[in-house]
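In the numbering used here, the protein residues as written are 5 to 191.
Glycine included, every Cβ here is placed at the ideal spot set by N, Cα and C.
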């Protein structure tokens with residue numbers, strides 16, 4: 005089985021800006037450069053045949069390369085416990101439009117639609133069940149309210165495989181396709 009997701013990678017200067025902000029929060033498992041991405045759609049576990057169908061469907065997406073910027077930070081929680089710290093990515097609509105195109109392509113490959121509201125972000129830290137003091141996290145978010153970047157373009161749509169291990173998830177690019185006027189694809 006293959007655990008897949010579709011994402012965009014911010015350029016190196018944006019990833020460096022995010023990496024520089026990753027400090028001063030006890031209990032945070034900070035992401036590494038290779039893990040920084042804007043998820044368009046988490047797919048989950050699929051067999052090899054469906055993975056191939058997914059790659060074929062995604063390869064047919066025609067869309068402009070989205071231009072975005074970082075704008076603040078926030079959290080996700082599970083059952084009232086903060087488990088994820090993220091950097092907001094705006095504007096939402098161009099990324100949401102690409103998310104919808106990805107969702108439509110995945111539907112053609114037999115993947116159920118995503119029922120959740122799409123919120124563009126880059127995950128920068130995760131917290132275990134026993135880590136992550138909410139007061140310290142709130143203070144970190146307040147201290148990083150001005151987390152922002154200049155506009156940047158993400159010129160490739162990438163299908164990633166998430167490989168779970170003892171140290172967390174490792175992401176491997178399975179295939180990549182250009183958006184807009186990006187150079188030819190590399191897989």
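In whole angstroms, what separates the C-alpha of residue i from that of residue j?
i	j	result
residue 20	residue 84	31 Å
residue 59	residue 8	10 Å
residue 138	residue 69	36 Å
residue 5	residue 96	32 Å
residue 22	residue 16	10 Å
residue 88	residue 173	14 Å
residue 107	residue 57	14 Å
residue 146	residue 75	13 Å
residue 92	residue 77	5 Å
residue 55	residue 104	19 Å
residue 165	residue 67	22 Å
residue 153	residue 94	10 Å
By the three-class DSSP mapping on this structure, what secondary structure does residue i have?
i	result
residue 166	strand
residue 27	coil
residue 4	Since the displayed the chain opens at 5 and closes at 191, residue 4 lies outside it and no answer follows.
residue 16	helix
residue 161	strand
residue 32	coil
residue 61	helix
residue 152	strand
residue 187	Model confidence at residue 187 stands at a pLDDT of 46, short of 50, so the residue's coordinates are unreliable; what they give is reported in the following sentence. Residue 187: coil per DSSP, three-state reduction.
Could you work out which residue in the options is closest to residue i when comparing CA atoms only?
i	options	result
residue 40	65, 46, 13 and 31	13
residue 30	159, 140, 91 and 109	140
residue 178	123, 36 and 63	63
residue 158	184, 91 and 110	184
residue 142	51, 118, 79 and 67	79
residue 45	54, 123 and 71	123
residue 34	144, 127, 160 and 163	127
residue 130	24, 36 and 11	36
residue 47	169, 163, 181 and 38	163
residue 150	10, 168 and 25	25
residue 98	81, 71 and 111	71
residue 51	113, 155 and 119	113
residue 125	49, 32, 180 and 73	73
Quickly, what does DSSP pair residue i with across the bridge? List them, please.
i	result
residue 43	11
residue 172	169
residue 49	7
residue 179	163
Item to check | Minimum length 3: unbroken beta strand (DSSP E) runs contained in the stretch 65-141 | outcome: 71-82, 85-94 and 125-130
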